[in-house]
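Asker:
In the working numbering, the protein residues as written are 6 to 111.
The structure is reproduced here in structure tokens:
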């Protein structure tokens, strides 16, 4: 017997959910991101609620409801130029603002 036993009625995996898109409190926004189909599969497997919604010129369009704007922008930045945020305008503007701050541009 270990030092701690998980009660039968507890879901520890759910209680240790670290995806900010699950617990974020920003007003939900539906984002659309263009990326390669291969990357879209990876993105959808790692971002809660992300789904491939359509194809556009050889790219996949991934849709996801965003509930934590800053965490979402940071996640997009981690993909570099491999993703292109298309909508909504509010998140696009936040992304542009973040890039300006990073670059020191005015």
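Just so you know, even glycine gets a beta-carbon here, dropped at the ideal spot from N, CA and C.
Please name the residue, chosen from 77, 50 and 43, that lies closest to residue 37 on a Cα-to-Cα basis.
Answerer: Start at 1 with the first residue of the chain shown, and residue 37 comes out as number 32. Among 77, 50 and 43, the Cα nearest to that of residue 37 is on 77.
Asker: Are the segment 99-109 and the segment 51-64 touching by the rule of at least three beta carbon pairs closer than 8 Å?
Answerer: With the cut-off at 8 Å, the segment 99-109 and the segment 51-64 do not touch.
Asker: If I measure Cβ to Cβ from residue 87 and keep anything under 8 Å in the same chain, skipping five residues before and after, which residues do I get?
Answerer: Position 82 of the chain shown, counted from the first residue, corresponds to residue 87. So the list reads 40, 41 and 44, once near-sequence residues are dropped.
Asker: Give the range of the beta strand (DSSP E) segment to which residue 75 is assigned.
Answerer: Translated into positions along the chain shown, residue 75 becomes position 70. Note, residue 75: premise wrong, no beta strand (DSSP E); alpha helix (DSSP H) at 74-83.
Asker: Just the C-alpha distance for residue 97 and residue 50, rounded to the nearest angstrom, thanks.
Answerer: Taking the chain shown and counting its residues from 1, one reaches residue 97 at position 92. Taking the chain shown and counting its residues from 1, one reaches residue 50 at position 45. Answer to the nearest angstrom: the Cα atoms are 23 Å apart.
Asker: Among 95, 85 and 80, which one has its Cα closest to the Cα of residue 32?
Answerer: Stepping through the chain shown from its first residue, residue 32 is reached at position 27. Minimum Cα distance to residue 32 is reached at 95.
Asker: Within 10 angstroms of its Cβ, does residue 8 collect 16 or more other Cβ (buried), or is it exposed?
Answerer: As a working note, residue 8 is residue 3 in the chain shown. That one is exposed.
Asker: So, under 8 Å CB-CB, residue 131 and residue 15 are touching, yes? Tell me the CB distance rounded to an integer number of Å.
Answerer: The question about residue 131 has no answer here: the residues shown for the chain are numbered 6 through 111.
Asker: Does the beta-carbon distance from residue 35 to residue 68 come in below 9 Å?
Answerer: By one-based count along the chain shown, residue 35 stands at place 30. By one-based count along the chain shown, residue 68 stands at place 63. Cβ atoms of residue 35 and residue 68: closer than 9 Å.
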